[in-house]
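Engineer:
There are 2 protein chains.
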Amino acid sequence: MFVIGELINGMYAKVAAAIRSKDADTIRALARDQAAAGANALDVNVGPASADPVRDMVWLVTTIRSGLNIPLCLDNTKPAVIEEGLKISGPGSIINSSNADPERLRMAMAMAKRYKASLIALTMDAKGVPQDRERRLEMASVILETAAETGFSVQDLWIDPVLMPIHVAQPQLCGILGLLSDLKGLAAPAPRTVVGLSNISQGAQERRLINRTFLVMAVAGGLEAAIMDPLDTELMAALTTAEMILNKKIYCDSIRKTGR
Amino acid sequence: MFVIGELINGMYAKVAAAIRSKDADTIRALARDQAAAGANALDVNVGPASADPVRDMVWLVTTIRSGLNIPLCLDNTKPAVIEEGLKISGPGSIINSSNADPERLRMAMAMAKRYKASLIALTMDAKGVPQDRERRLEMASVILETAAETGFSVQDLWIDPVLMPIHVAQPQLCGILGLLSDLKGLAAPAPRTVVGLSNISQGAQERRLINRTFLVMAVAGGLEAAIMDPLDTELMAALTTAEMILNKKIYCDSIRKTGR
Chain A
0 MFVIGELING MYAKVAAAIR SKDADTIRAL ARDQAAAGAN ALDVNVGPAS ADPVRDMVWL
60 VTTIRSGLNI PLCLDNTKPA VIEEGLKISG PGSIINSSNA DPERLRMAMA MAKRYKASLI
120 ALTMDAKGVP QDRERRLEMA SVILETAAET GFSVQDLWID PVLMPIHVAQ PQLCGILGLL
180 SDLKGLAAPA PRTVVGLSNI SQGAQERRLI NRTFLVMAVA GGLEAAIMDP LDTELMAALT
240 TAEMILNKKI YCDSIRKTGR
Chain B
0 MFVIGELING MYAKVAAAIR SKDADTIRAL ARDQAAAGAN ALDVNVGPAS ADPVRDMVWL
60 VTTIRSGLNI PLCLDNTKPA VIEEGLKISG PGSIINSSNA DPERLRMAMA MAKRYKASLI
120 ALTMDAKGVP QDRERRLEMA SVILETAAET GFSVQDLWID PVLMPIHVAQ PQLCGILGLL
180 SDLKGLAAPA PRTVVGLSNI SQGAQERRLI NRTFLVMAVA GGLEAAIMDP LDTELMAALT
240 TAEMILNKKI YCDSIRKTGR
């Protein structure tokens with residue numbers, strides 16, 4: 000399981016304040032803590048309130064990079080903001096994200112190739128997020144067709160089925176779990192899948208319980224990556240246990256006490 | 000999900016002592032607490048140390064029945080012990096269990112029909128528990144063939160793939176999860192599945208974490224019932240959340256605070 004730490008996001012007041020005051024220590028600590036807790040990459044998002052997203056993205060990437068060598072997942076709706084980040088983010092970077100509009104996909108795939116990055120593509124278009132499994136699958140097909148057409152390697156692609164909050168879209172979640180296995184049959188090699196895990200529990204009580212329960216089910220269904228909170232120790236313990244049950248990690252009595 | 004409470008089992012010292020001293024209050028309290036926590040049925044097992052299993056089974060069933068109207072799952076290796084229990088256990092009783100030996104199955108199915116009970120059949124034979132998914136599937140086929148041959152309704156059948164402890168059989172668990180979906184295609188209507196959940200964590204640290212993680216994965220894979228501890232509140236919360244994600248229970252913000 001590829002864990003993408005979600006905590007460096009200007010949506011959080013503490014991070015927004017650190018970006019405003021150029022408080023590098025706070026950002027570096029968030030990066031270090033997530034890596035130490037088991038993150039394989041870090042999402043970097045300047046947040047909705049940034050007055051100058053390009054400047055803030057460059058500052059965040061520079062600040063994280065000054066303390067840590069870990070792949071970064073550059074998260075913004077504007078390609079120009081992502082591109083400035085890609086110029087300095089180094090190897091293993093991830094573009095987060097493009098929707099399934101062929102025009103946008105072609106541009107994002109070209110940018111990913113230019114910077115040797117991988118790309119998260121969402122199964123949604125300008126009209127929004129589909130309600131059902133079939134329409135999400137159609138959009139995944141569009142993503143894969145565009146990749147084939149532009150010579151973009153499926154191995155550099157992550158498909159994100161777009162998790163919606165359970166309190167607004169409960170009936171969709173089962174379809175998303177089913178979609179994870181549908182996608183295994185859509186191409187060879189199969190595209191890898193990623194979810195923005197915390198979306199599922201937005202607006203809910205018991206957020207952590209919902210997050211970790213969905214993650215365990217999704218891992219059983221073949222999910223390869225999640226943007227999530229690696230500092231949630233119960234979540235990480237559930238993930239490790241799920242991987243152990245699936246025989247992807249070796250069982251050991253002291254598995255939890257020693258950390259990971 | 001059909002929850003079969005596991006706590007009335009002479010394997011536990013407290014229950015063994017209650018059986019020895021005919022302490023009906025302890026047994027009735029265990030029955031009442033499990034039902035209140037969400038158990039749909041109760042497993043009844045005199046335990047390995049019983050000097051007179053028939054007498055102890057009859058006492059347990061009579062004692063539970065005197066305080067509570069809930070289906071009982073009569074758990075013993077000896078058919079005679081189960082039959083004496085069935086005579087007084089009332090509607091919805093479950094025989095736990097028969098192995099997949101056709102001779103034993105025929106006898107157990109005849110007994111189940113006689114008492115209008117359902118039957119848990121294990122995918123193992125006199126030679127023991129199979130190591131792999133394929134062999135378990137073959138035994139499930141034997142169970143279904145024997146049911147067809149004797150006119151035993153698949154709707155009265157529970158197939159138990161026999162969970163082994165993770166510390167001795169880690170590689171089997173993934174196959175058992177796969178088997179749950181294999182079984183959906185084996186007959187129409189599909190046989191329902193049940194596991195003895197706590198087996199998976201025998202001898203392990205973090206037993207509850209392992210139990211609830213496996214249960215969530217198995218529910219996502221189509222498991223219909225588990226013999227488990229309904230007093231483990233984290234386990235029950237994980238189960239409810241899993242069913243909510245699968246759209247089998249309606250999401251409600253107060254889902255946990257109100258109990259179930």
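Top to bottom, those sequences are chains A and B.
Sequence positions in the first sequence follow numbering that gives the first Met the number 0 and run 0 to 259.
Sequence positions in the second sequence follow numbering that gives the first Met the number 0 and run 0 to 259.
The beta carbon of each residue, even a glycine, is placed where N, CA and C say it ideally should be.
Quantities reported herein were computed from a predicted structural model and do not represent experimental measurements.
Under 8 Å between beta-carbons, which chain B residues line up against I165 of chain A? List them in chain order, please.
Structural biologist: Ordered by position in chain B, the residues that pass the 8 Å Cβ test against I165 of chain A are M243, I244, Y250.
Engineer: Flag G37 of chain A as yes if its beta-carbon sits less than 8 Å from any beta-carbon of chain B, otherwise no.
Structural biologist: No, its Cβ sits nowhere closer than 8 Å to a Cβ of chain B.
Engineer: How big is the Cα-Cα spacing for K256 of chain B and S88 of chain B?
Structural biologist: Model confidence at K256 of chain B stands at a pLDDT of 47, short of 50, so the residue's coordinates are unreliable; what they give is reported in the following sentence. Looking at the two C-alpha atoms, the distance is approximately 34 Å.
Engineer: When you compare the region 182 to 193 of chain A with the region 147 to 167 of chain A, are there three or more beta-carbon pairs, one atom per stretch, that lie closer than 8 Å?
Structural biologist: Contact between the region 182 to 193 of chain A and the region 147 to 167 of chain A is present, because at least three Cβ pairs lie under 8 Å.
Engineer: For I142 of chain B, which residues of its own chain have a beta-carbon under 8 Å away from its beta-carbon, when the five flanking residues on both sides are left out?
Structural biologist: Only A99, L104, A120, T122, L156, I158, P190 meet the Cβ criterion.
Engineer: What residues from the region 161 to 189 of chain A come within 7 Å of chain B, judged by C-beta to C-beta, listed N to C?
Structural biologist: Against chain B - using a Cβ distance shorter than 7 Å - the residues of the region 161 to 189 of chain A are I165, H166, Q169, P170, L172, C173, L176.
Engineer: Taking C-beta to C-beta, are E83 of chain B and V43 of chain B nearer than 8 Å?
Structural biologist: Against a cut-off of 8 Å, the Cβ pair of V43 of chain B and E83 of chain B comes out as no contact.
Engineer: Is T232 of chain B buried or exposed, if buried means 16 or more other CB atoms sit within 10 Å of its CB?
Structural biologist: With fewer than 16 Cβ atoms within 10 Å of its Cβ, T232 of chain B is classed as exposed.
Engineer: Closest Cβ-Cβ distance between F1 of chain A and chain B: below 8 Å?
Structural biologist: No - not a single Cβ of chain B is within 8 Å of the one on F1 of chain A.
Engineer: Which residues does DSSP pair with M163 of chain B in a beta bridge?
Structural biologist: Its beta-bridge partners do not exist; DSSP assigns none.
Engineer: Would you call T239 of chain B buried or exposed, if buried means 16 or more other Cβ atoms sit within 10 Å of its Cβ?
Structural biologist: Classification of T239 of chain B: buried, given that the 10 Å Cβ count is 16 or more.
Engineer: Expressed to the nearest angstrom, what Euclidean distance is found between the alpha-carbon atoms of V167 of chain A and V153 of chain B?
Structural biologist: Their Cα atoms are separated by approximately 38 Å.
Engineer: Can you pull the chain A residues whose beta carbon is under 7 Å from the beta carbon of T240 of chain B, in chain order?
Structural biologist: Those within 7 Å of T240 of chain B in chain A are L208, I209, T212.
Engineer: When the cut-off is 8 Å and only beta carbons count, does A30 of chain A lie next to chain B?
Structural biologist: No - not a single Cβ of chain B is within 8 Å of the one on A30 of chain A.
Engineer: Got a sec: is the Cβ-Cβ distance from G220 of chain A to anything in chain B below 8 Å?
Structural biologist: Yes, contact with chain B.
Engineer: Can we say the region 200 to 208 of chain A touches the region 131 to 140 of chain A, given the rule of at least three CB pairs closer than 8 Å?
Structural biologist: Judged by Cβ distances under 8 Å, the region 200 to 208 of chain A makes no contact with the region 131 to 140 of chain A, as fewer than three pairs qualify.
Engineer: I'd like to check one pair, T62 of chain A with R27 of chain A: are the Cβ atoms closer than 8 Å?
Structural biologist: Contact flag set, yes.
Engineer: Within 8 Å (strictly less), CB to CB, does V215 of chain B reach chain A?
Structural biologist: By this cut-off, V215 of chain B is an interface position.
Engineer: What is the residue span of the alpha helix (DSSP H) that T122 of chain B lies within?
Structural biologist: Segment: none, T122 of chain B is in no alpha helix (DSSP H) and carries neither H nor E.
Engineer: Listing by chain order, which chain A residues have their CB less than 7 Å from the CB of A237 of chain B?
Structural biologist: Within chain A, the residues near A237 of chain B are T212.
Engineer: Using a Cβ-Cβ cutoff of less than 6 Å, which residues in the same chain neighbour A23 of chain A once the five nearest sequence positions on both sides are dropped?
Structural biologist: Contacts found: T62.
Engineer: Enumerate in chain order the residues of its own chain whose CB-to-CB distance from A79 of chain B is below 8 Å, with the five nearest sequence positions on each side excluded.
Structural biologist: The residues are V53.
Engineer: Have a look at D228 of chain A and A36 of chain A and give me their C-alpha separation to the nearest angstrom.
Structural biologist: Going from the Cα of D228 of chain A to the Cα of A36 of chain A covers about 9 Å.
Engineer: Could you check what DSSP says for A109 of chain B in three-state terms: helix, strand or coil?
Structural biologist: Helix, per DSSP.
Engineer: With DSSP as the reference, label T61 of chain B as helix, strand or coil.
Structural biologist: Helix.
Engineer: Pick from B:A236, B:N210, B:E144, B:M56: whose alpha carbon is nearest that of A15 of chain B?
Structural biologist: Closest option to A15 of chain B, Cα to Cα, is B:M56.
Engineer: Suppose contacts are defined by Cβ-Cβ distances below 8 Å. Is A241 of chain A in contact with A219 of chain A by that definition?
Structural biologist: Going by C-beta atoms, A241 of chain A is nearer than 8 Å to A219 of chain A.
Engineer: Report the rounded CA-to-CA distance for G150 of chain A versus E223 of chain A, giving the unit in angstroms.
Structural biologist: Using only the alpha carbons, I get a separation of about 23 Å.
Engineer: Reducing DSSP to helix, strand and coil, say where V45 of chain B ends up.
Structural biologist: In the structure shown, V45 of chain B sits in coil (DSSP, three-state: anything other than H, G, I, E or B).
Engineer: Residues in the same chain with beta-carbon distance under 8 Å from V207 of chain A, minus the five sequence neighbours each way, listed in chain order, please.
Structural biologist: Residue identity check: residue 207 of chain A is Arg in the sequence provided, not Val. Once the five neighbours on either side are set aside, the close Cβ partners of R207 of chain A are S200, D231, E233, L234.
Engineer: Verify the CB distance criterion: does Y11 of chain B have a CB-CB separation below 8 Å to chain A?
Structural biologist: Not closer than 8 Å to any Cβ of chain A, the Cβ of Y11 of chain B fails to qualify, so no.
Engineer: Under three-state DSSP, which class holds T192 of chain A?
Structural biologist: Strand, per DSSP.
Engineer: What's the C-alpha gap between M216 of chain A and A40 of chain A?
Structural biologist: Straight-line Cα distance between these residues: approximately 22 Å.
Engineer: For S49 of chain A, count neighbouring Cβ atoms within 10 angstroms of its own Cβ and tell me buried if that reaches 16, exposed if not.
Structural biologist: With 16 or more other Cβ atoms within 10 Å, it is buried.
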